Amino acid sequence: MFTEQVHDILVELGLSSLQAKVFCTLAYSGDPTAYATSKLAKIARQEVYRIADELEEMGLVSRTVSTPVRFQPVLLNEALAILMDRRIKTTSALMKKVKEIHIESAKKQPKSVTSYIIKEIQPGEDWFGNSPLKLATTQSFDLLTTFDRLSSRLN
Numbered sequence: 619m620f621t622e623q624v625h626d627i628l629v630e631l632g633l634s635s636l637q638a639k640v641f642c643t644l645a646y647s648g649d650p651t652a653y654a655t656s657k658l659a660k661i662a663r664q665e666v667y668r669i670a671d672e673l674e675e676m677g678l679v680s681r682t683v684s685t686p687v688r689f690q691p692v693l694l695n696e697a698l699a700i701l702m703d704r705r706i707k708t709t710s711a712l713m714k715k716v717k718e719i720h721i722e723s724a725k726k727q728p729k730s731v732t733s734y735i736i737k738e739i740q741p742g743e744d745w746f747g748n749s750p751l752k753l754a755t756t757q758s759f760d761l762l763t764t765f766d767r768l769s770s771r772l773n
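Our numbering applies: residue 619 is where the sequence shown begins, and numbers increase by one.
Have a look at this one:
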């Protein structure tokens with residue numbers, strides 16, 4: 619049950635289902651070889667090597683050169699932190715692109731009824747003034763919303 623929850627969270631954080639399956643199998647099996655992982659995860663051994671290479675590139679697994687080759691996953695908390703950081707960076711980069719497109723489209727298009735608000739939210743900042751909603755992260759990000767949505771959150 620716990621490994622299913624971990625698997626699902628890893629997928630939500632950006633791993634493919636197979637990557638999450640291999641990571642969980644390596645983390646919880648006790649035998650970090652490609653052979654054992656392939657048998658437990660029911661994945662072809664060649665796929666385990668390919669996926670382990672991908673996980674290694676992400677910093678989630680390290681390889682021990684031995685016979686047989688062994689893969690050592692990072693601790694779960696570290697893996698979650700790595701993936702969260704990647705997700706935050708990806709989302710932040712996407713928000714910058716959306717902000718640029720919004721600004722450019724606002725210049726070229728006639729004023730619409732819906733106006734958008736783009737606000738940079740700082741760590742620990744009170745989002746709406748006298749609100750219990752505070753940013754619980756160490757990084758700032760841009761919030762993109764419509765005035766109507768923001769108004770409905772305040773009421």
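No residue lacks a Cβ here, since even glycine has one placed at the ideal position from N, Cα and C.
All values reported here derive from a predicted model rather than from experimental measurement.
Closer than 7 Å, CB to CB, is residue i near chain D or not?
i, result
"Phe641", "Note that chain D does not occur in the displayed structure, where there is just one protein chain."
List the residues that DSSP assigns as beta-bridge partners of residue i.
i, result
"Val679", "Pro691"
"Thr651", "Arg688"
Using alpha carbons as the reference points, say which of the options lies closest to residue i.
i, options, result
"Phe620", "Val687, Thr643, Tyr667, Leu701", "Thr643"
"Thr655", "Ser723, Gln690, Ile706", "Gln690"
"Glu622", "Asp671, Lys660, Lys639", "Lys639"
"Asp649", "Asp626, Met676, Glu672, Thr682", "Thr682"
"Lys660", "Glu672, Met676, Gln637", "Gln637"
What separation, rounded to the nearest whole angstrom, lies between the Cα atoms of residue i and residue j?
i, j, result
"Leu693", "Ala711", "27 Å"
"Gln664", "Leu658", "14 Å"
"Glu674", "Ala724", "43 Å"
"Tyr667", "Ile719", "41 Å"
"Glu696", "Ser680", "13 Å"
"Thr708", "Ala645", "26 Å"
"Ile721", "Ser635", "37 Å"
"Asp626", "Ser684", "31 Å"
"Lys715", "Glu672", "27 Å"
"Lys726", "Lys717", "14 Å"
"Ala670", "Met676", "10 Å"
"Ser647", "Val624", "14 Å"
"Met713", "Leu698", "22 Å"
"Lys752", "Arg704", "Caution is warranted here: a pLDDT of 48 is assigned to Lys752, below 50, making its placement in the model unreliable, and the coordinate value is therefore given only provisionally. So the two alpha carbons sit approximately 22 Å from each other."
"Leu633", "Met702", "11 Å"
Measure the beta-carbon distance from residue i to residue j and round it to whole angstroms, keeping in mind my assumption that it falls under 8 Å.
i, j, result
"Ile700", "Leu678", "6 Å"
"Val687", "Ala662", "At roughly 16 Å, the Cβ-Cβ gap does not stay under 8 Å, so Val687 and Ala662 are not in contact."
"Leu631", "Phe641", "Wrong, their Cβ atoms sit about 11 Å apart, outside the cutoff."
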